[in-house]
Amino acid sequence: LPTERPMLAWQPGVATACVYCSAPRPERAHHCRLCGVCILRMDHHCPWLNNCVGFKNHKFFLLATFYGLVACVVGVLTALPELALCLDAAVRSAQGLRLNVELPWSATCAMLTFGAFAALLASILAAMLVAHGQLLAANMTSVEGHYRGAMNPFDLGGPIANVAQVFGAPGFDWLLPVAPWRPLSDGITFFRAGKAPEAQDGDDAYGEELWTSRYRAGAKAGPVARMFEWLRIGRPRPPSAPTASPGRGGAPYASVRYTALGSVPGAHSVVPGV
C-alpha cells in the first residue's frame, strides 16, 4: 500500500504513514498526541469533552454546542423580568435607595449569578458555533482550516452538500442527537469536488475495490485488506508500545477502533493535529 509522509496540506486519496505506530491511515485522518491515537476525519481535541472530535462524533459535538446555546438564550429570555427586578434591587441597595420589592439577598445573588453565567456561556458557544459552522459549510475541519495555498478538494460547491458529509443526507435526523440515518461517507473515503459520487457502502468486495482505487494500491489487494481489517477490529500494539484508553473521558464515539468509534491507532504528527 503506497503511503506518503503527512504534511500540513491537502492530501486527497493518499494514505499517510504513522511513524509512531508504523501503521497506514486514510485521508483526512490525523494524530492526536493527547489521546495517543489517530482520529478519522479529525477536527480537534476538545478539552471540554477530554476527547477528540472526529468522524463519528462531529455531528454530536455541533448539536451539543447548538443545544447549549439555545438553552442559554431561552433561560435568559424566560428569566428576563426576574433578572431585571433583581438587578434593580441590587443597584438600589448599593445606592441606599428604597427598594420597590423586598427580595432575599440569597435569591437576588443566585438569579444574577445565573444570568451572568448564562450570558457568558452563550457568548462562548455562539462564537464556537459560528467558527465551526463556517468550517462545516465548506466541508473542512479545524485542522484543515490551517491549510494554505490550495483549494479544498472536498468542497462540494454548496453548504447543504457539505453539511451532509457530516450530518448525512438531509432529513429530520439532522436535528436529533443520533447517528446519521443515511451517512454519505464511511470515514475512510470522501466525495471530492468535480467527481461523480461514489457509493460509500455496499458489499465488502466493492468497498475494497473502491479503497484500492482511491489509495492507488496494486492489483493484489492484500495490503488494503489488511489495512481495513485494522480499521474493523483495531490493530494490536506491540507489548512495548504505549496503549491509549478507549474514549478518554468516557465520550462514546472517538476512540481506538476505526469504523466503530472513528479513530485509528496512531499516526505521525510533526505539527499539532497532523
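Note that this note's numbering has the sequence shown beginning at 300, numbered continuously upward. Even glycine gets a Cβ: it sits at the ideal position worked out from N, Cα and C.
In three-state DSSP terms, what is R481? coil
Buried versus exposed call for G470 [16 or more other C-beta atoms within 10 Å across all chains shown]: exposed
Looking at the structure shown, is A449 part of a helix, part of a strand, or coil, going by DSSP? coil
Going along the chain, which unbroken runs of the beta strand (DSSP E) with 3 or more residues stay wholly within the stretch 324-374? 329-331, 336-338, 343-345, 350-352
Mark T412 as exposed unless 16 or more other C-beta atoms lie within 10 angstroms of its C-beta, in which case mark it buried. exposed
What's the C-alpha gap between L475 and F354? 17 Å
Helix, strand or coil at T488 according to DSSP, with G and I counted as helix: coil
Does the count of Cβ pairs from the stretch 437-457 and the stretch 401-421 closer than 8 Å reach three? no
Work out the CA separation of C385 and S392 for me, nearest whole Å. 10 Å
Expressed to the nearest angstrom, what Euclidean distance is found between the alpha-carbon atoms of V477 and F359? 8 Å
As assigned by DSSP and simplified to three states, the class of T440: coil
As assigned by DSSP and simplified to three states, the class of E381: helix
For a test of the three-state rule: what should DSSP assign to A468, helix, strand or coil? coil
Going along the chain, which residues of its own chain have a beta-carbon closer than 6 Å to the beta-carbon of L424, five neighbours each way excluded? T364, G367, L368
By DSSP, does A308 sit in helix, in strand, or in coil? coil
Assuming the contact rule is C-beta atoms closer than 8 Å, P311 and R491 should be a hit. Round their C-beta distance to whole Å, please. 6 Å
Do C371 and A421 have their beta-carbon atoms positioned less than 8 Å apart in this structure? yes
Residues bridged to C317 (per DSSP): A322
Short of 8 Å in beta carbon distance, which residues of its chain neighbour S375, apart from the five on each side in sequence? Order them along the chain. In the sequence as displayed, the identity of residue 375 is Val instead of Ser. Cβ within range, chain order: L382, G414, A417, A418, A421.
Span separating the alpha-carbon of A389 from that of R397: 11 Å
Residue burial classification, E303 (beta-carbon count within 10 angstroms, cutoff 16): exposed
Across which residues does DSSP place E303 in a beta bridge pair? T315
So A263 packs on N451, CB below 8 Å; how close in whole Å? The shown model of the chain, from 300 to 573, leaves out residue 263, and the question about it has no answer.
Applying the 10 Å Cβ sphere with the 16-neighbour rule, what's the burial state of A463? buried
Whole-angstrom distance between L379 and L435, CA atom to CA atom: 33 Å
Short of 7 Å in beta carbon distance, which residues of its chain neighbour T407, apart from the five on each side in sequence? Order them along the chain. C385, A388, A389
Use the C-beta contact count for P535: other C-beta atoms within 10 angstroms, 16 or more gives buried, fewer gives exposed. Because the pLDDT at P535 is just 42, under 50, the model does not fix this residue reliably, and the point stays unresolved.
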